[in-house]
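A quick write-up on the structure given underneath.
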Amino acid sequence: MKWRRKNKKAKESWISEEERLAIIEKSSKQVSRGVFFATIIIITSFLPVFMLTGQEGKLFHPLAYTKTFIMLVDALLVLTLAPVLISFFMKGKFKPDTANPVNRVLERVYEPAIRTVLRWRKTTLAINIIALLITVPLLQSLGSEFMPPLDEQSILFMPVTLPDISNAEAKRILQVQDKIIMSVPEVDKVLGKAGRASTATDNSPISMIETIIILKPKDQWREGLTKTGLVSELDKKLQIPGVVNGWTQPIINRINMLATGIRTDVGIKVYGQDLHQIAAVSERVKAALEGTPGISDLYVEPITGGKYLSINVRRDDLGRYGLSVDDVNSTVETALGGAPVGQTIEGRQRFSISVRLAQDYRNSVEEIKRIPLRSPGFGEVPLSAVADVVFENGPPMITSENAILRGAVMFNVRDRDLGGTVQEAMERINQQQGILPEGYFLEWSGQYENLIRGQQTLLIIAPIVLAIIFFSLYFAFRSIREAFLSLITIPFALIGGAYIIYFWGVNLSIAVAVGFIALFGIAVETGIVMVIYLNDAMQQLIKEKGNSSETITKEDLREYVVRGAAKRLRPKLMTVCVSLFGLIPVLWATGVGTDVMQPIVLPMIGGVLTSSTHILLVTPLIFLMNKEYELRKYGKLEVYDTQH
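Residue numbers (my numbering): 1 to 644.
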């Protein structure tokens, strides 16, 4: 009976159902507008990813679409489902934040820190500004590349030989190379090909050799050996006279060839009107680039040097023997090319039957000279009696783009960043005199072409995105100063991202840019939550002491800023920890694709750490200085409704 009275008394002292729902409604309104606009800002921050085209667009569009759809549904649920679920499950009595031991520990650490920051204002701001300024030389010292190289777990060996190589010699070189490659213990399988495959889309000449090298699992490799070291070891073993080695990977090679027509990392396209002059310019460009740090597998795409069998008819001798040019042409065509003599039917398929001379008679110039011609007056006469059979030089393959003849100087970049290597190569070419005659010009292609396209897209769209984010913040707070206070977290998020990619040894790339884009949205979201709670603290101050400089002192402002920052510490840390706990496992992940994912994740991890530190320590300081300015200038505080 006594217990029942006590329980009844406890129930009477607790809030009613109407009051509970009113508190839930008030709390939901307090944060829903800020969270909704934070979600819109995160979606807006991904607009540059949607603007990417080409290879980088196809790679990152699925990420952007997935993130956007998730955030749209999230924004909808924040406004509709979340308050309903809270009303269902948040019942009964609740302990205050101070009852949570973790929260108590965090507040005991954080509150003295925030008070120290508010006391040492100039020092705090100076430290942050210096840390921000240091990021500028850090980022400038980093190399640049289009995309982090994806380890495909295999190697593509693409040597180039002389264009007049015979089929037998190409076959012999291919067999020798494959045998040397198989002698390396890390190699599992080797598949070589010379010339083009049986497809119209492969225009490779016989001088182009491709060998796909399948590697064993890395746990079976020699200790300390990397893929770069393995390629260097193979390259040293495969130094064959007359052969220029080229090393790449199967998938990226096909992508490069389809996208830019260049099968190496970088290609310098030489345009002009004369093939011999293009070949001379290409050799001069190659000579200028030799010795450049980072450039490897440097060679000129063969433009001249092909061998053609020419049969030049002597018309005077034709008349002497009573023959015509058509007689010679038809005989040569039948003997060397083959003439159809019939057709065979196999099921539903029909095949033409052609006849020509055997290979032994076609591979020798002397045998070709003895091909018989039937003369009306002299019987059989050899081909050499009426024609000259000689080999002549000519282009092995004519390449053109945009209706202009084209040659190319190709090279791979190894042990250095792509952007720095190309910049130094450009400087070397510009310093040389007389490389380009009038009417000829160069164009940089390959991965560098993709890098420039991606950078230009980001430079154009990034200011537009920042403007959209700023206006979204303005509509969220209805104040330019409050919007600026949340937006200023973006450059400070850059600090951690820049530091971590510098010490991790990562080059700037499109993947790193996507990581920074995702980071900016997270940083602004956390900043919005802090500003909401600081404004809420100002409302409580006005409720207790009124909105006047006569009743509010600087000490009051400082105490309520500390209260707004420290008493709502848990939701801010939860926002940060959710991001970190989801990203950190990527750092120790292994397997295919991790070398592309880590450059995306690294700036997000470092940036979340520094932006959260800035938001927890510096944002309250700037907010306090802003409110002191308002109190001094206007005699009252400009408080923005956070309950909406």
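We put the CB at the ideal spot given by N, CA and C, even for glycine.
Owing to the predicted nature of the structure, the values given are computational and were not obtained by experimental measurement.
- Here the stretch 253–265 does not lie against the stretch 424–444, with fewer than 3 beta-carbon pairs under 8 Å apart.
- In the same chain as residue 405, and ignoring 5 residues on each side of it, the C-beta atoms closer than 8 Å to its own belong to 271, 272, 273, 274, 275, 278, 398 and 399, in chain order.
- When secondary structure is reduced to three states using DSSP, residue 128 falls in the helix class.
- By the criterion of a C-beta distance shorter than 8 Å, residue 332 is surrounded in its chain by 311, 371 and 383, once the five residues flanking it on both sides are discounted.
- The C-alpha of residue 517 lies about 55 Å from the C-alpha of residue 168.
- Listed in chain order, the alpha helix (DSSP H) elements of length 4 or more contained wholly in the stretch 188–250 are 227–237.
- Residue 195 is a Cβ neighbour of residue 206, given a cutoff of 8 Å.
- With a cutoff of 8 Å on beta-carbon distance, residue 571 and residue 114 are scored as not near each other.
- With contacts defined as CB atoms closer than 8 Å, residue 78 and residue 36 qualify as a contacting pair.
- Per DSSP, residue 103 is not a residue of any beta strand (DSSP E); the alpha helix (DSSP H) it occupies stretches across 101–119.
- As DSSP reads the structure, residue 340 sits in a beta bridge with 354.
- Around the beta carbon of residue 365, a 10 Å sphere encloses fewer than 16 other beta carbons of the protein chains shown; the residue is thus reported as exposed.
- Distances from the alpha-carbon of residue 140 to those of 464, 623, 417 and 555 put 417 closest.
- DSSP places residue 374 inside the beta strand (DSSP E), whose first and last residues are 372–375.
- For residue 444, the enclosing beta strand (DSSP E) stretches over residues 441–446.
- Secondary structure of residue 88 (DSSP, three-state): helix.
- Here residue 554 is exposed, its C-beta having fewer than 16 other C-beta atoms within 10 Å.
- Listed in chain order, the non-local C-beta contacts of residue 174 below 6 Å within the same chain comprise 192, 194 and 209, local neighbours out to five positions each way being set aside.
- DSSP places residue 314 outside both helix and strand once states are collapsed to three, so it counts as coil.
- A distance of 8 Å or more separates the beta carbons of residue 159 and residue 281.
- Cβ atoms of residue 317 and residue 386 come within 8 Å of each other, at about 4 Å.
- In terms of Cβ geometry, residue 181 and residue 247 do not form a close pair [threshold 8 Å].
- Residue pairing by DSSP places residue 393 opposite 307 in a beta bridge.
- In the same chain as residue 334, and ignoring 5 residues on each side of it, the C-beta atoms closer than 8 Å to its own belong to 355 and 356, in chain order.
- Between the stretch 526–533 and the stretch 473–485, the count of Cβ pairs shorter than 8 Å is three or higher; the stretches touch.
- Taking the Cα positions, residue 395 is about 5 Å away from residue 303.
- In this chain, the alpha helix (DSSP H) harbouring residue 595 covers 594–613.
- Taking 8 Å as the cut-off, the Cβ atoms of residue 294 and residue 413 count as close.
- In the structure shown, residue 360 adopts helical secondary structure according to DSSP, grouped into three states.
- Pairing residue 314 with residue 388 gives a Cβ-Cβ distance under 8 Å.
- Excluding sequence positions up to five before and after residue 67, its CB lies within less than 7 Å of the CB of 46, all in the same chain and listed in chain order.
- Taking C-alpha positions only, residue 179 is separated from residue 239 by approximately 14 Å.
- Looking at the backbone, the Cα of residue 340 and that of residue 328 are separated by about 18 Å.
- Annotation for residue 443: 269 place their beta carbon closer than 6 Å to its own, counting only its chain and skipping 5 residues before and after.
- Excluding sequence positions up to five before and after residue 237, its CB lies within less than 7 Å of the CB of 180, all in the same chain and listed in chain order.
- Remark: C-beta atoms of residue 468 and residue 135 do not approach each other more closely than 8 Å.
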